[in-house]
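Chemist:
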Ligand code: AVJ
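Numbering (this note's numbering), first residue to last: 128 to 433.
1) Could you pull out every residue in the same chain whose Cβ sits closer than 6 Å to the Cβ of residue 158, ignoring the five residues on either side in sequence?
2) Going by CA-CA distance only, name the one from 258, 241, 242, 194 that's closest to residue 232.
3) Would you mind listing the beta strand (DSSP E) stretches within the stretch 269–325 that are 3+ residues and don't spill past its ends, in chain order?
4) Considering Cα atoms alone, identify which of 143, 210, 155 is closest to residue 183.
5) Taking the beta strand (DSSP E) that residue 145 belongs to, which residues open and close that run?
6) Are the Cβ atoms of residue 256 and residue 219 separated by less than 8 Å?
7) Tell me, please, whether the stretch 167–183 touches the stretch 243–253 by the rule of three or more beta-carbon pairs shorter than 8 Å.
8) For residue 348, which option in 147, 330, 378 has the closest C-alpha, if you only look at C-alpha atoms?
9) Using CA atoms only, rank isn't needed, just tell me which of 412, 318, 235, 419 is closest to residue 160.
10) Helix, strand or coil for residue 366? Go by DSSP, reduced to three states.
11) Out of curiosity, what's the CA-to-CA distance linking residue 226 and residue 138?
12) Quick one: what's got a C-beta closer than 6 Å to residue 240's C-beta in the same chain, skipping five residues either side?
13) Under a Cβ-count criterion, where at least 16 other Cβ atoms within 10 Å of its own Cβ denotes burial, should residue 372 be classed as buried or exposed?
14) Select from 407, 290, 147, 162 the residue whose C-alpha is nearest the C-alpha of residue 321.
15) Is residue 247 near the ligand AVJ, going by C-beta to nearest heavy atom under 7 Å?
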């Protein structure tokens, strides 16, 4: 099956592939979301990193960093600065699907120190992880921002298990996880008043239009969010304002009814039990857990059991 056929089936099932949210424009918009008052995740995670940077670096004694889905690397910068207090040399690799994110990362880090060497790798962490160079040094993998929340249980486990397989005995993984909390607090994080989340969500249509030569019209959709209580997840949708037809280059058509909701992203929220189960099913062992006073967000430092 080719890519267009896959996308066709996906749209018929009312799902738009989440990865298309993160093109260059989307990565920039996500950065804007992180700076909104409503989006508590980034600043909370940053405060935990700040508070425990020394402990994280002492526990992992990392000789190099490898960040998955790094975005702008602002939080990782704190850890890099901590590591450079004790190390003469450090390599940082940023692995991201967007060239813009890699550039933002480079811009953030290039002036830190001549002892830091920066590598940029463009890739999709579901498909390209198996091809990365695992290195010889003690590596700290970083997977921050609760990006794991984008994956359903099965995908989360297979992703983390694959990571566990490539981790050497002495390597660590630092992962950021958003926790279950007041549902209104969660919902407003995905519905900021300034409208960055709305722009971010609708941008997926431009990305798909360009890539697949389709004719989605942004103005025919509204941004909508629900909190699915049985799965403890935010679901982000584009809801159709009208009955409309999407035309494919091969002349196939998809009919979309008024009120139809196209799912663009899930963002799961975890409790200790649900996340621990995922880690143990992925052959990962928790070494340290860090959190903020409100217990809004957690960082876990893990080893591979394989
Ligand atoms: C980058 C996947 C962690 O799920 O909170 C923010 C993406 N989507 N607002 C999240 C996102 C809408 C974000 N992650």
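Glycine included, C-beta positions come from ideal geometry on N, C-alpha and C.
Modeler: This is what the structure holds:
1) 199
2) 194
3) 299–305
4) 210
5) Unbroken run through residue 145: none, as it is neither H nor E.
6) no
7) These segments do not touch.
8) 330
9) 318
10) The DSSP-derived three-state label of residue 366 is strand.
11) 26 Å
12) 211
13) exposed
14) Ranking the options by Cα distance to residue 321, first place goes to 162.
15) no
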